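Notes to accompany the following structure.
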Amino acid sequence: MPDQLKPETLALRTGINRSQFNEHSEPIYLTSSFVFDNAAQAAARFSGEESGNIYSRFTNPTVTALEERLSAMESAETCVATSTGMSAILSCVMGLLSAGDHIVASQSLFGATVNLFNNILKKFDVETTYVSATDISAWEAAIKPNTKLFFLETPSNPLTEISDISALATVAKKAGAWLAVDNCFCTPILQKPLDLGADIVIHSATKYLDGQGRVLGGAVLGRRDLMMEGGVYGFLRTAGPTLSAFNAWVILKGLETLKVRMDAHSKNAMLMAQWLEAHPNVERIFYPGLPSHPQYELARRQQSTGGGIVTFEVKGGKDAAWRVIDNTKLVSITANLGDVKTTLTHPATTTHGRISQQARDAAGITDGLLRIAVGLEAVEDIQVDLARGLG
Ligand SMILES: *Cc1c(COP(=O)(O)O)cnc(C)c1O
Numbered sequence: 270m271p272d273q274l275k276p277e278t279l280a281l282r283t284g285i286n287r288s289q290f291n292e293h294s295e296p297i298y299l300t301s302s303f304v305f306d307n308a309a310q311a312a313a314r315f316s317g318e319e320s321g322n323i324y325s326r327f328t329n330p331t332v333t334a335l336e337e338r339l340s341a342m343e344s345a346e347t348c349v350a351t352s353t354g355m356s357a358i359l360s361c362v363m364g365l366l367s368a369g370d371h372i373v374a375s376q377s378l379f380g381a382t383v384n385l386f387n388n389i390l391k392k393f394d395v396e397t398t399y400v401s402a403t404d405i406s407a408w409e410a411a412i413k414p415n416t417k418l419f420f421l422e423t424p425s426n427p428l429t430e431i432s433d434i435s436a437l438a439t440v441a442k443k444a445g446a447w448l449a450v451d452n453c454f455c456t457p458i459l460q461k462p463l464d465l466g467a468d469i470v471i472h473s474a475t476k477y478l479d480g481q482g483r484v485l486g487g488a489v490l491g492r493r494d495l496m497m498e499g500g501v502y503g504f505l506r507t508a509g510p511t512l513s514a515f516n517a518w519v520i521l522k523g524l525e526t527l528k529v530r531m532d533a534h535s536k537n538a539m540l541m542a543q544w545l546e547a548h549p550n551v552e553r554i555f556y557p558g559l560p561s562h563p564q565y566e567l568a569r570r571q572q573s574t575g576g577g578i579v580t581f582e583v584k585g586g587k588d589a590a591w592r593v594i595d596n597t598k599l600v601s602i603t604a605n606l607g608d609v610k611t612t613l614t615h616p617a618t619t620t621h622g623r624i625s626q627q628a629r630d631a632a633g634i635t636d637g638l639l640r641i642a643v644g645l646e647a648v649e650d651i652q653v654d655l656a657r658g659l660g
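Quick note: the sequence shown uses our numbering, first residue 270, plus one each step.
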């Protein structure tokens with residue numbers, strides 16, 4: 270395979286694991302276990318003397334194919350595929366951290382990630398300090414002697430704040446900590462955190478990587494010494510939040526069209542953002558592809574487009590925001606994102622509804638805020654759908 274292939278080529282030409290029938294489309298190996306030729310081979314597989322499959326909680330050829338393809342696309346040494354995005358984050362922290370360790374995390378994280386850090390990890394004596402996604406000096410100030418991990422998402426949800434990955438990688442390295450980036454919103458098509466100095470990339474494959482809302486899945490990517498037996502894979506293999514072969518196959522097929530989908534999501538999102546910015550009943554707009562975004566220059570350096578998620582605040586608070594939602598006939602009213610179908614959500618009463626009003630105010634999640642994950646419908650049709658309630 271020639272070096273320097275583009276991600277869209279890698280998405281089609283890596284992770285090919287053909288059976289004896291030499292099928293063109295990837296096969297699915299739906300089997301829980303694998304048979305050995307004889308007792309000696311079984312012993313050699315278990316001892317690690319001979320590589321090869323044993324049991325699908327450990328490895329499965331379809332899952333391995335996805336891991337190879339995603340590794341190639343993220344320029345990672347290796348990948349551990351997981352059953353969901355959350356189990357990717359769980360496997361990362363359980364595989365790499367110990368009791369007494371400390372995490373510095375962005376305060377703009379996916380809600381379940383915050384719950385995992387606050388409610389579960391805390392029971393195992395792993396503490397987390399939350400800081401502004403955009404304030405590098407706050408990350409520096411939060412470092413303790415036992416800080417092992419920096420954790421962030423960029424752009425953040427729902428306000429699309431941009432964290433400077435390479436600047437934070439430098440700060441993390443100086444502190445002797447690993448930088449993990451949840452690359453769910455951008456995918457390797459728009460942003461490659463490992464190339465910018467991050468140590469670990471996390472994915473919820475449930476979102477854009479599948480892209481058509483069919484399956485759950487996740488992945489952790491990075492250097493072999495972090496991912497393997499003593500780290501992330503060691504946890505996965507023992508604890509078992511393994512990706513199923515079927516879901517791996519669906520995601521493999523999803524990756525084949527990731528580039529064209531991300532380009533189309535980005536184009537539609539940009540048109541939506543421009544239209545919303547000019548709308549008289551829209552108070553504010555948050556989209557990293559617009560020059561009005563406070564970190565437009567950083568976003569341009571770090572990601573190749575503004576992505577597919579647009580957040581905007583309508584005039585008139587919650588009633589006005591709900592009016593937009595309740596007058597739609599086309600878009601899906603759901604908190605999911607990264608789907609070819611456009612999804613619309615009111616963060617203050619759904620994804621961020623369980624945090625206090627005070628915490629919401631501090632995070633800038635106002636009652637008039639709406640998040641649209643722009644799909645692949647004709648953008649004019651989405652605009653007509655939103656215009657009905659926007660007035
Ligand atoms: C959805 C999501 C997750 C969790 O993924 P699941 O597949 O639902 O477990 C993690 N991070 C981000 C940014 C997400 O959007």
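Beta carbons: idealized from backbone N, C-alpha and C, even for Gly. Note that the coordinates shown come from a computational prediction; the quantities given were computed from them, not determined experimentally.
- CA-CA distance, Thr574 to Gln310, rounds to 50 Å.
- Counted as a single uninterrupted DSSP element, the stretch harbouring Ile323 is not any beta strand (DSSP E), since DSSP gives it neither H nor E.
- Straight-line spacing of the CA atoms in Ser288 and Gln571 works out to 39 Å.
- Excluding five sequence positions before and after Pro616, the CB atoms of its chain that fall closer than 7 Å to its own CB belong to Pro427, Ile634, Leu638 and Arg640, given in chain order.
- Residue range Ile405 to Ala411 is occupied by the alpha helix (DSSP H) that includes Ala411.
- For Met363, the distance from the CB to the nearest heavy atom of ligand 1 is not below 8 Å.
- Straight-line measurement puts the Cα of Pro296 at about 19 Å from the Cα of Thr278.
- Secondary-structure assignment with DSSP links Tyr399 through a beta bridge to Ala374.
- Remark: the C-beta of Phe315 is outside contact range of ligand 1, defined as less than 8 Å to any heavy atom.
- In this structure, the alpha-carbon of Val470 lies about 11 Å from that of Thr347.
- At least one heavy atom of ligand 1 sits closer than 8 Å to the Cβ of Cys453.
- In the DSSP assignment, Phe290 falls outside any beta strand (DSSP E), carrying neither H nor E.
- Taking a contact as a CB-CB distance under 8 Å, the pair Lys417 and Leu366 counts as one, their CB atoms being some 6 Å apart.
- Assignment of beta strand (DSSP E) within the segment 452 to 497, counting only whole runs of 3 or more residues, yields 469 to 473 and 487 to 491 in chain order.
- The Cβ atoms of Cys361 and Val529 do not sit closer than 9 Å to each other.
- Around the beta carbon of Phe290, a 10 Å sphere encloses fewer than 16 other beta carbons of the protein chains shown; the residue is thus reported as exposed.
- Of the residues assessed, Arg338 falls on the buried side of the cut-off, its CB having 16 or more other CB atoms within 10 angstroms.
- Counting along the chain, no alpha helix (DSSP H) covers Ala345, and no H or E run does either.
- The beta strand (DSSP E) runs of length 3 or more contained entirely in the segment 618 to 644 are, from start to end of the chain, 638 to 642.
- For Ala381 against Met355, the beta-carbon gap comes to about 5 Å, under 8 Å, which counts as contact.
- Short of 6 Å from the beta carbon of Pro457, and not among the five residues preceding or following it, lie these beta carbons of its own chain, in chain order: Pro276, Met342 and Glu343.
- Contact check for Thr331 against Phe515 passes: the beta carbons are separated by less than 9 Å.
- Close CB contacts of Asn537 within its chain, under the 6 Å cut and outside five residues either way in sequence, are with Val643 and Val648 (chain order).
- Here the segment 554 to 563 does not lie against the segment 595 to 602, with fewer than 3 beta-carbon pairs under 8 Å apart.
- DSSP lists Val583 as the beta-bridge partner residues of Val551.
- If you look at Leu437, you'll find it in the alpha helix (DSSP H) that goes Ile434 to Ala444.
- Cα atoms of Lys610 and Met531: separation of roughly 13 Å, rounded to the nearest angstrom.
- Burial state of Asp630 is exposed, judged by a 10 Å Cβ sphere holding fewer than 16 other Cβ atoms.
- In this structure, the C-beta of Lys476 approaches ligand 1 to less than 8 Å from one of its heavy atoms.
- Burial state of Lys443 is exposed, judged by a 10 Å Cβ sphere holding fewer than 16 other Cβ atoms.
- Counted as a single uninterrupted DSSP element, the stretch harbouring Glu546 is not any beta strand (DSSP E) but the alpha helix (DSSP H) occupying residues Leu527 to Glu546.
- Placement of the Cβ of Phe379 at a distance of less than 8 Å from at least one heavy atom of ligand 1 is found.
- Scanning Thr351, Thr333 and Glu552 for the CA closest to the CA of Pro510 turns up Thr351.
- Nearest to His621 by alpha-carbon distance, out of Gly658, Asn286 and Phe379, is Phe379.
- DSSP, read as helix, strand or coil, puts Lys610 in coil.
- The beta carbons of Asp608 and Gly503 sit about 33 Å from each other, so the pair does not count as a contact at 8 Å.
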